[in-house]
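Quick note on our numbering: the sequence shown kicks off at 2 and runs consecutively.
Note sheet for the following structure.
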Amino acid sequence: MNHQIPTTPQDNPAETIMAALAHGMTGNPEKAAPLLEPFINGGRAATLGLCAALAETTIHTDRRALPKNGAFGLLVLDPKTGKRGDINALPAGIRFAAQFTAAWANDDRDTAHDLFDALIHPGTEEAAGALAEGIRALFAMAVEALNKTVRPMGDVL
2 MNHQIPTTPQ
12 DNPAETIMAA
22 LAHGMTGNPE
32 KAAPLLEPFI
42 NGGRAATLGL
52 CAALAETTIH
62 TDRRALPKNG
72 AFGLLVLDPK
82 TGKRGDINAL
92 PAGIRFAAQF
102 TAAWANDDRD
112 TAHDLFDALI
122 HPGTEEAAGA
132 LAEGIRALFA
142 MAVEALNKTV
152 RPMGDVL
């Protein structure tokens, strides 16, 4: 069976996001950017929806394993020392991706939305750059999560 991963946005937004993630999983993340652009150019709601979809993809498997009444935390480690780091030392986009995903994982939609709004609110080039960095980080986390949980088609019986 030969399936081509779409390279243009699909009618169904979920299919578009899944195609972008498939490109990331197959080692072609540069092919994802044109698929994600309509969400980013679609305004606040579309961009927030994209962030939510990527965060949900990242935490989906872990959420199923969470004990009843459990919650997700956010731990930052300094890569040089291996010791706890300060979330505020992270670049704005990376910090947003981590905090947004943690809030989303805990079903705290209000906090997730507030984090998104705080990131974009200045409306500056710097804010736009931080948003782009955050979306790239969310995308990378989702691809990594999928790569850990999805078996290659050749392994399917």
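Heads up, the beta-carbon is just placed ideally off N, CA and C, and yes, glycines get one too.
Model, not experiment: these values are computed from the prediction.
request  = Return the Cβ separation of residue 54 and residue 18 in integer angstroms, given the expectation that the two are a contact with Cβ distance under 8 angstroms.
outcome  = Reading the sequence shown from its first residue, position 53 is the one you call residue 54. Reading the sequence shown from its first residue, position 17 is the one you call residue 18. Contact flag correct, Cβ pair sits at about 5 angstroms.
| said: Can you give me the C-alpha to C-alpha distance between residue 150 and residue 65, rounded to a whole angstrom? | reply: Here the question's residue 150 lines up with position 149 in the sequence shown. Here the question's residue 65 lines up with position 64 in the sequence shown. Spanning the two alpha carbons is a distance of roughly 13 angstroms.
Rounded to a whole number of angstroms, what is the C-alpha to C-alpha distance between residue 130 and residue 117? Numbered from its first residue, the sequence shown carries residue 130 at position 129. Numbered from its first residue, the sequence shown carries residue 117 at position 116. Their backbone Cα atoms lie some 13 angstroms apart in a straight line.
Residues near residue 97 in its chain [Cβ-Cβ closer than 7 angstroms; skip 5 each side] = Indexing the sequence shown from 1 puts residue 97 at position 96. Closer than 7 angstroms at the Cβ level, and outside the excluded window around residue 97, lie 116, 120, 131 and 135.
- In terms of residues, what are the limits of the alpha helix (DSSP H) holding residue 145? Taking the first residue of the sequence shown as position 1, residue 145 is located at position 144. Here the alpha helix (DSSP H) through residue 145 covers 126–150.
field: Reduced DSSP secondary structure (H/G/I, E/B, other) of residue 91
entry: On the sequence shown, position 90 is the one that residue 91 refers to. Looking at residue 91 - three-state DSSP - the assignment turns out to be coil, as it is neither helix nor strand.
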